[in-house]
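Student: In terms of our numbering, the sequence shown has 134 at position 83, counting the first letter as 1, and numbering is strictly consecutive.
I have a structure here, written as structure tokens, and I will follow up with some questions on it.
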Amino acid sequence: MTTIEFSYETCLDGSVKHAWTVDDCFQGRDFDFTKPFLPDRIAGVSGITCLSDTEKLRLNQIRGNSYCHIFAFVEEYIVPMVVDHARGDVYGDETRLWSLLRFAEEEVKHQEMLRRAIEQFGAGFGTSCGLVPGREDVAGVVLGTSPLTALLLTSMIEWFTQLHYVEHVRDRAELDELFRDILRFHWIDESRHARLDSLLIDEVASDLGPHEREAAVDELLELGNAVDGLLAQQVELDIDALQLATGRAYTEAERDEIRTYQRRAYRWTFLVSGLEHPNFVRIVERLTGSGAAKLVQAATALST
Ligand SMILES: [Fe+2]
Ligand SMILES: [Fe+2]
52 MTTIEFSYET CLDGSVKHAW TVDDCFQGRD FDFTKPFLPD RIAGVSGITC
102 LSDTEKLRLN QIRGNSYCHI FAFVEEYIVP MVVDHARGDV YGDETRLWSL
152 LRFAEEEVKH QEMLRRAIEQ FGAGFGTSCG LVPGREDVAG VVLGTSPLTA
202 LLLTSMIEWF TQLHYVEHVR DRAELDELFR DILRFHWIDE SRHARLDSLL
252 IDEVASDLGP HEREAAVDEL LELGNAVDGL LAQQVELDID ALQLATGRAY
302 TEAERDEIRT YQRRAYRWTF LVSGLEHPNF VRIVERLTGS GAAKLVQAAT
352 ALST
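Written out as structure tokens, the structure reads:
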């Protein structure tokens, strides 16, 4: 169906050669709370007129914390999903099996890295920041969709993870160094995972007809709507956290302004940057007749 120039073998090789631990990433460092954590493309704070520069910095840092949380949140289902695919051919190709088991293990490591980031943030930030609950429920919903849907969601996430780091964080020396490293170490693994997703997508899709593939894209967009609802909840928690951190009660008009900027920034970060990612669009184009047009439509609706 497709010409792919990578294989389970090359992915396994890369995983062994570029292996890292959570300690390699943290190196005993703490966050520097005098610096922003995220580029403004992701944090979306610079245009908010009702906030001072100090308040914008605090909101940027709150967004750094929730960025780690939302990632851990949306990646929770990947471990059981990949283990299931590995188990599907447990006595077959050993390279495939080993490669997928490392994929799952690396995602467990990401969860540990992101959890540690949230813990250290909590210890250093000074006031508490609410985070949306229910990660296991969301994982259950994703695992209840078709295998192709869950794989498409994974692929989309792995591609936007890379885009965030390479295009918006890698060359930004003004951002906190530890936070940048967290995104860098994540990217090292995700660049390989995106390839493994493509191999798994091809395996799963080869048994499906055109209707089932189209249905998987529709289901993916429904999951996107559910994620959008979670992001909206997180925005409210972030505004509460900002009030607590700055000691200033925002008026309804100020809350509205912050909300508008933040809704747009969250949507771009966790949905639009994936729906529009050229490599992800290409994957959907290869699978379906009208899937790519649906991605454009969804991305446009989320960008207004
Ligand atoms: Fe990950
Ligand atoms: Fe991954």
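All C-beta atoms, glycine included, are put in the ideal place defined by N, C-alpha and C.
Would you say the beta carbon of Thr-212 comes nearer than 8 Å to a heavy atom of ligand 1?
Tutor: Yes, Cβ of Thr-212 sits closer than 8 Å to a heavy atom of ligand 1.
Student: To the nearest angstrom, report how far apart Arg-243 and Leu-326 are at their CA atoms.
Tutor: When rounded, the distance between both Cα atoms is 19 Å.
Student: Taking just the CA atoms, how far does Asn-111 sit from Gly-177?
Tutor: Distance between the alpha carbons of Gly-177 and Asn-111: 15 Å.
Student: Using only CA atoms, which one of Arg-231, Asp-269, Asp-227, Met-207 lies nearest to Ser-249?
Tutor: Checking every option, the nearest Cα to that of Ser-249 belongs to Met-207.
Student: Using only alpha-carbon positions, find the residue among Thr-212, Arg-80, Ala-201 that is nearest to Arg-264.
Tutor: Nearest of Thr-212, Arg-80, Ala-201 to Arg-264, Cα basis: Ala-201.
Student: Taking a cut-off of 6 Å, which residues have a beta-carbon closer than that to any heavy atom of ligand 1, in chain order?
Tutor: Here the residues come out as Glu-126, Glu-158, His-161, His-237, Glu-241.
Student: Count the other C-beta atoms from every protein chain shown that fall within 10 angstroms of the C-beta of Thr-339, then say buried if there are 16 or more, exposed otherwise.
Tutor: Buried is the call here.
Student: Taking all protein chains shown into account, decide if Gly-175 is buried (16 or more other Cβ within 10 angstroms of its Cβ) or exposed.
Tutor: Exposed, because fewer than 16 other Cβ atoms sit within 10 Å of the Cβ of Gly-175.
Student: Look up Thr-54 in the DSSP assignment and say whether it is helix, strand or coil.
Tutor: Because Thr-54 sits at a pLDDT of 47, beneath the cut-off of 50, its placement in the model cannot be relied upon, and the following sentence gives the value as read from the coordinates. Correct three-state label for Thr-54: coil.
Student: Of the choices Gly-98, Asp-144, Arg-299, Leu-251, whose alpha-carbon is the least far from that of Leu-204?
Tutor: Nearest C-alpha to Leu-204: Leu-251.
Student: Roughly how many angstroms separate the alpha carbons of Phe-154 and Thr-100, rounded to a whole number?
Tutor: Their backbone Cα atoms lie some 43 Å apart in a straight line.
Student: Relative to the alpha-carbon of Val-323, which residue among Gly-195, Asp-291, Leu-282 has its alpha-carbon at the smallest distance?
Tutor: Of the candidates Gly-195, Asp-291, Leu-282, the one whose C-alpha sits nearest the C-alpha of Val-323 is Leu-282.
Student: Relative to ligand 2, is the shortest distance from any of its heavy atoms to the C-beta of Glu-209 smaller than 8 Å?
Tutor: Yes; taking the cut-off as 8 Å, the Cβ of Glu-209 has a heavy atom of ligand 2 nearer than that.
Student: Comparing the CB of Ile-129 with every heavy atom of ligand 2, is any distance shorter than 8 Å?
Tutor: Yes, since a heavy atom of ligand 2 falls inside the 8 Å radius drawn around the Cβ of Ile-129.
Student: Rounded to whole angstroms, what's the CA-CA distance from Thr-355 to Arg-147? Just pull it up for me.
Tutor: Cα to Cα, Thr-355 sits roughly 42 Å from Arg-147.
Student: State the DSSP-derived secondary structure class of Ile-290, mapped to helix, strand or coil.
Tutor: Of the three classes helix, strand and coil, the one that applies to Ile-290 here is helix, per DSSP.
Student: CA-CA distance, Lys-173 and Gln-284?
Tutor: Residue identity differs from the one stated: residue 173 is Gly in this sequence, not Lys. Between Gly-173 and Gln-284, the C-alpha separation is close to 20 Å.
Student: Given that a residue counts as buried once 16 or more other Cβ atoms are within 10 Å of its Cβ, and exposed if not, what is Thr-72?
Tutor: Looking at its Cβ environment, which holds fewer than 16 other Cβ atoms inside 10 Å, Thr-72 is exposed.
Student: Quick check on Met-52: buried or exposed, where buried means 16 or more other Cβ atoms within 10 Å of its Cβ?
Tutor: Residue confidence is low: Met-52 scores 45 on pLDDT, short of 50, so the model does not pin down where it sits. Its coordinate-derived value is still stated next. It is exposed - the Cβ of Met-52 has fewer than 16 other Cβ atoms within 10 Å.
Student: Determine the burial state of Asn-116: buried for a count of at least 16 other Cβ atoms within 10 Å of its Cβ, exposed for fewer.
Tutor: That one is buried.
Student: Going along the chain, which unbroken runs of the alpha helix (DSSP H) with 4 or more residues stay wholly within the region 192-262?
Tutor: Listed in chain order, the complete alpha helix (DSSP H) runs (minimum 4 residues) inside the region 192-262 are 198-214, 228-256.
Student: In whole angstroms, what is the alpha-carbon distance linking Leu-288 and Glu-60?
Tutor: Computed Cα separation, rounded: 44 Å.
Student: Quick check on Gln-162: does DSSP put it in helix, strand or coil?
Tutor: If DSSP states are grouped into helix, strand and coil, Gln-162 belongs with the helices.
Student: Round the Cβ separation of Cys-180 and Ile-290 to the nearest angstrom and send it over; I've been treating them as touching at under 8 Å.
Tutor: No, Cys-180 and Ile-290 are not in contact; Cβ-Cβ is about 11 Å, not under 8 Å.
Student: Please report how far the alpha carbon of Ile-373 lies from the alpha carbon of Asp-227, in whole angstroms.
Tutor: One cannot answer for residue 373 here, as it falls past the ends of the chain, which runs 52 to 355.
Student: Note down, in chain order, each residue of its chain lying with its Cβ closer than 8 Å to the Cβ of His-328, except the 5 sequence neighbours on either side.
Tutor: Closer than 8 Å at Cβ, skipping near neighbours: Met-207, Trp-210, Phe-211, Leu-214.
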